[in-house]
Amino acid sequence: MPLVLTEEQSMLRDSARGLISDKAPVSHLRQLRDGKDATGFSRELWRAFAEMGFSGLLVPEAFGGSGLGCVEAGVVMEEIGRNLMPSPFLSTAVVAASALSRGGSDVQKSHYLPKISDGSLLAALAIDEGAKHRPLQTSMQAVRSGNGFRLNGNKAFVVDGHTADLVIVAARTAGGAGERDGLTLFLVDPKSKGVATERTAMVDSHNAARIVFDNVEVDADGVLGEVDQGVGLLEGVLNIGRGAVASEMVGLSEEVFGRTVSYLKERKQFGKLIGEFQALQHRAAQLYIEIEITRAAVLRALQTLDGDFEQAGAAVAVAKARAGSTATLAVQEGVQMHGGMGMTDQFDIGFFMKRARVCQELFGDANFHADQLARMKSY
Amino acid sequence: MTDHDQFRRDTRAWLEANCPPEMRRPMNSEEDTFWGGRTTKFSSEPQRVWFERMRDKGWTVPHWPTEYGGGGLDAEQTKIMRQEMAAIGARQPLTSFGISMLGPALLKYGTDAQKKEHLPKIAAGLIRWCQGYSEPNAGSDLASLQTRAESDGDDFVITGQKIWTSYANYADWIFCLVRTDASAKKHDGISFILFDMTSKGVSTKPILLISGRSPFCETFFDNVRVPKSHVVGTVNRGWDVAKYLLQHERAMISGMGERGVGRPLGQIAADSVGTDAQGRLEDSMLRGQIASFEIDEAALSAAAERAVDLAKAGQSHPAFSSAMKYYGTELNKRRYEILMSAGGIDALEWESERSKGGARPRAWLRTKANSIEGGTSEVMLGIVAKRILDLPGA
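Residue numbers (my numbering), protein chains in the order written: chain A, 1 to 379; chain B, 1 to 394.
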């Protein structure tokens, strides 16, 4: 498979770019932030996403979606990243749709997937518990009770958790923190008794929540996949999410870079354009090269997820680690080269820096993925 | 099944049947590379067999036209063939500057007669070429070169000195940049010319490097007479040919950083620093460095593949090879810093049998030239800044 977009994928990119840059440029995020918007994203735009077929991108055609793959999801994520658009696309259309279509029973799929596809259902994945992304360290308890389970524990950094109609929760039905066996995924209605959701305002003005589960009852139909054996499903879904966030960071990096290079061609000091200074030229060139190499690594990961899903772990670790490091470099160079202007809230560059920091943590940072790669290679 | 699937099957089967097992092992020494040429000998029988089988199939240069001794493969077939070779760890049957540098330039700028004369001999490994570019006062500023070619009837008479000429002492012919118009601006008076290294007036002198080896030479020309028909492209427009060739040289050098074959770094390090109960390297900082390196290496290899695919789709920037050259060479230097750190004091021995004559430290020192030869890292960044990013100045 050539490491370039197909014609259809390029057309998808163009339509996503058109819609998002028109309706949700960075000023859209700024407005939501300044207005302390309770939802934190535009429901009207989410309807437009549904009409364009984006919300059902990964939903199989049998359930009302378009049955496309991770490359296509990455194409949309990249445009989201370019514009810093707050959108349930990642949590609902990528992560939850993948979890349900990969792990759901026929009943679960028929119930939820058409609603994701038509934009009427929002969903979130509740996985992290500590300060760092460590899925195997999950310690939240799910104890058998009657026909189902009782859930007790805390989840943090639940992306879009404050607006979710459905929360997919990772919990322990057996084993202890660190063990692969004993993890189970549950479908929980956040309106259930004992669920307390606190919206957490984040540095990037995007949406997340902390959720406390206090003796929450889930019946047996609420188990997604197999009891005790959820780790495979979870890792697969996380890999899809990682590929998507890596794409978001590619878009973000490229946008910051484009804005920075433009600034180098406008700003004058010492009677010259600052882009004439070799110190800055070389740093800009290095950043360009990092972004191009990361773009290739991310596309490789997305293609592998679509073509050889079980073998995609290493390519995904490479992509997420690279994307995290590249975005971190891009936003730092972006602020530095914009000088004092880069430090002002009035200027957009800071928004990119904040979002990059969040994307770096989301589903594992560069160190986490370097460690994962080393484990895969047995050293 | 598509034609390409069929081609992949056929290629896999042919390689399986024809590549000797000895030619599927990682290379250990300089002798494992077969360079061809009038005087080169094979270092082993499997090396000879492998070379001859590949040559007869045209696969020393798979993507060249068959009339010049190539395999006539299209870009996708070439990629498949290389993937299948990599999958079994097959060595290159023939390595030469004729293949990686001169060939592409001749295919683009050569006359029919030049192509017919030189390309088949490159493909068959009969003639070994060297590159006469740098001079003592023309390094990064290559276009300021001073080697003179004076017109004399049907000939040019060439006088001057080149430096850093790789393997000039083993080469049969040279492709050389000479100044044919001293009064023109520096880029406008240069010609690209080919001649036999046994011509009267040519001499070479190896340069001892920090690795203790001498892969480079000083090359002297004292009134060397060369027919004007040996100029490639137009007289005084040699800079166009030179730049085009440099793109290929840079792509080749950047590829030196990608070594998916051989023992993984993690295992090499485990031999010397040991592992803990979970099988992790005892030196956790080194483990982190290796993992970061492997992330960047895998990403670079995806980027190299993408660069080929973009070129095929007509979407590549001609200066992109400078970006790849920069990254590939810096990465290769990192690889050897890690290898030296992993080896610790064992990697410091310079002469013993145990250390294969100091193979690792010598290779480590050799890599320091990667970011200098073929255009320094700083020159590469300058090219990216100006030609791709269109930054002002210079």
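Glycine is no exception: its CB is placed at the ideal position from the N, C-alpha and C atoms.
Quick check: the Cα distance between residue i and residue j, rounded to an integer number of angstroms?
i: Gly-201/B; j: Asp-154/B; result: 18 Å
i: Ala-123/A; j: Ala-297/A; result: 29 Å
i: Phe-63/A; j: Thr-11/B; result: 42 Å
i: Glu-258/B; j: Gln-9/A; result: Its pLDDT being 48, under 50, Glu-258/B is placed unreliably by the model, and the measurement read from it follows with that caveat. Taking the straight line from one Cα to the other gives about 29 Å.
i: Asn-137/B; j: His-187/B; result: 15 Å
i: Ser-192/A; j: Arg-242/A; result: 29 Å
i: Met-286/B; j: Leu-107/B; result: Residue identity check: residue 286/B is Leu in the sequence provided, not Met. Between Leu-286/B and Leu-107/B, the C-alpha separation is close to 46 Å.
i: Phe-347/A; j: Ser-91/A; result: 28 Å
i: Gln-332/A; j: Arg-47/A; result: 35 Å
i: Met-11/A; j: Ala-220/A; result: 43 Å
i: Ser-377/B; j: Ile-338/B; result: 20 Å
i: Ala-149/B; j: Gln-161/B; result: 12 Å
i: Ala-385/B; j: Lys-116/B; result: 39 Å
i: Gly-74/A; j: Ala-244/A; result: 5 Å
i: Ala-126/A; j: Ala-317/A; result: 21 Å
i: Ser-87/A; j: Thr-163/A; result: 11 Å
i: Pro-361/B; j: Gly-375/B; result: 24 Å
i: Ser-355/B; j: Ala-270/B; result: 18 Å
i: Lys-325/B; j: Gly-255/B; result: 8 Å
i: Gln-114/B; j: Met-340/B; result: 46 Å
i: Arg-306/B; j: Gly-71/B; result: 23 Å
Quick one: list the residues of chain A neighbouring residue i, beta-carbon separation under 8 Å, in chain order.
i: Ile-290/B; result: Ala-374, Tyr-379
i: Leu-300/B; result: Ile-293
i: Glu-269/B; result: A quick correction: the sequence has Ala, not Glu, at residue 269/B. Result: Tyr-379.
i: Glu-378/B; result: His-282
i: Ala-313/B; result: Pro-2, Val-4
Leaving out five residues before and five after residue i in sequence, what residues of the same chain have Cβ atoms less than 7 Å from its Cβ?
i: Asp-402/B; result: Residue 402/B is absent from the structure shown; chain B starts at 1 and stops at 394.
i: Asp-222/B; result: Thr-159, Gly-201
i: Ala-323/A; result: Ala-246, Met-249, Val-250, Thr-294, Val-298
i: Ser-15/A; result: Met-52
i: Ser-191/B; result: Ala-149, Val-178, Thr-180, Val-231, Val-235, Asn-236, Gly-238
Could you tell me which chain B residues have their CB closer than 7 Å to the CB of residue i, listed as they occur along the chain?
i: Gln-286/A; result: Leu-381
i: Ile-289/A; result: Ala-323, Tyr-326, Tyr-327, Val-384
For residue i, which residues of its own chain have a beta-carbon under 8 Å away from its beta-carbon, when the five flanking residues on both sides are left out?
i: Gly-189/B; result: Arg-179, Thr-180, Asp-181, Ala-182, Ser-183, Asn-236
i: Glu-255/A; result: Gly-81, Arg-82, Asn-83, Phe-352
i: Ser-43/B; result: Glu-31, Asp-32, Phe-34
Spatial neighbours of residue i within its chain, please: CB distance less than 6 Å, with the 5 preceding and 5 following residues excluded, ordered by chain position.
i: Met-81/B; result: Thr-11, Pro-62
i: Leu-302/A; result: Cys-70, Val-71, Gly-74, Gly-243
i: Phe-34/B; result: Gln-47, Phe-51, Leu-94
Just the chain A side, please: which residues come within less than 7 Å of residue i by C-beta, in chain order?
i: Leu-310/B; result: Val-4
i: Ile-392/B; result: A small correction: the amino acid at residue 392/B is Pro; Ile does not occupy that position in the sequence shown. Residues of chain A passing the Cβ test: Lys-265, Leu-273, Gly-275, Glu-276.
i: Leu-281/B; result: Tyr-379
i: Pro-264/B; result: Lys-377
Anything in chain B within Cβ reach of residue i, meaning under 8 Å, just list it in chain order.
i: Glu-13/A; result: Here the sequence assigns Arg to residue 13/A, which means Glu is not the residue at that position. Near Arg-13/A there are no residues of chain B at all, since even the closest Cβ is about 14 Å away, more than 8 Å.
i: Arg-322/A; result: Ile-295, Asp-296, Ala-299
i: Val-261/A; result: Leu-389, Leu-391
i: Ala-370/A; result: Gly-288, Ala-291, Ser-292, Ile-295
List, in order along the chain, the chain A residues whose C-beta lies closer than 9 Å to that of residue i?
i: Glu-305/B; result: Pro-2, Leu-3, Ala-296, Arg-300
Against chain D, does residue i count as a neighbour if the rule is that its beta carbon must be under 8 Å from one of theirs?
i: Val-158/A; result: This model lacks chain D altogether, as its protein chains are A and B.
Any heavy atom of the ligand FAD closer than 7 Å to the CB of residue i?
i: Asn-154/A; result: This structure lacks the ligand FAD, and indeed carries no ligand of any kind.
Report the start-end ranges of each beta strand (DSSP E) in the segment 162 to 196 of chain B that is 3 residues or longer and not cut off at the edges.
173 to 179, 190 to 196
Which full runs of the alpha helix (DSSP H) of 4+ residues lie inside the segment 86 to 116 of chain B, going along the chain?
103 to 109
For a minimum of 4 consecutive residues, which ranges assigned as the alpha helix (DSSP H) are wholly contained in the segment 37 to 87 of chain B?
45 to 57, 75 to 87
Using a Cβ distance threshold of 8 Å, determine whether the segment 45 to 64 of chain A contacts the segment 106 to 121 of chain A, with at least three qualifying pairs required.
By the criterion of at least three beta-carbon pairs nearer than 8 Å, the segment 45 to 64 of chain A is in contact with the segment 106 to 121 of chain A.
When you compare the segment 214 to 225 of chain A with the segment 249 to 267 of chain A, are there three or more beta-carbon pairs, one atom per stretch, that lie closer than 8 Å?
no
Taking three-plus beta-carbon pairs below 8 Å as touching, is the segment 327 to 347 of chain A in contact with the segment 164 to 183 of chain A?
no
Report the start-end ranges of each beta strand (DSSP E) in the segment 53 to 139 of chain A that is 3 residues or longer and not cut off at the edges.
123 to 126
Can you check the segment 191 to 241 of chain B for any beta strand (DSSP E) of at least 3 residues that lies completely inside it and give the ranges in chain order?
202 to 207, 216 to 227
Counting pairs of Cβ atoms below 8 Å between the segment 370 to 385 of chain B and the segment 277 to 288 of chain A, do you hit three or more?
Short answer: they touch.
Can you list, in chain order, the stretches of the alpha helix (DSSP H) that have 4 or more residues and sit fully within the segment 277 to 357 of chain B?
For secondary structure counted as the alpha helix (DSSP H) over 4 or more consecutive residues, the segment 277 to 357 of chain B holds these complete runs in sequence order: 284 to 312, 320 to 343.
Using 8 Å as the Cβ pair cut-off and three pairs as the minimum, do the segment 321 to 338 of chain B and the segment 10 to 29 of chain A touch?
no
Can we say the segment 74 to 90 of chain B touches the segment 109 to 123 of chain B, given the rule of at least three CB pairs closer than 8 Å?
no
Mind the definition here: the segment 263 to 282 of chain A touches the segment 332 to 342 of chain A only if three or more C-beta pairs lie below 8 Å; say whether that holds.
yes
Should the segment 182 to 190 of chain A be called in touch with the segment 163 to 171 of chain A, which here means at least 3 C-beta pairs below 8 Å?
yes
Would you check if there are 3 or more beta carbon pairs closer than 8 Å linking the segment 197 to 213 of chain A to the segment 25 to 40 of chain A?
yes
Curious, which full-length alpha helix (DSSP H) runs of at least 4 residues does the segment 189 to 231 of chain A contain?
none
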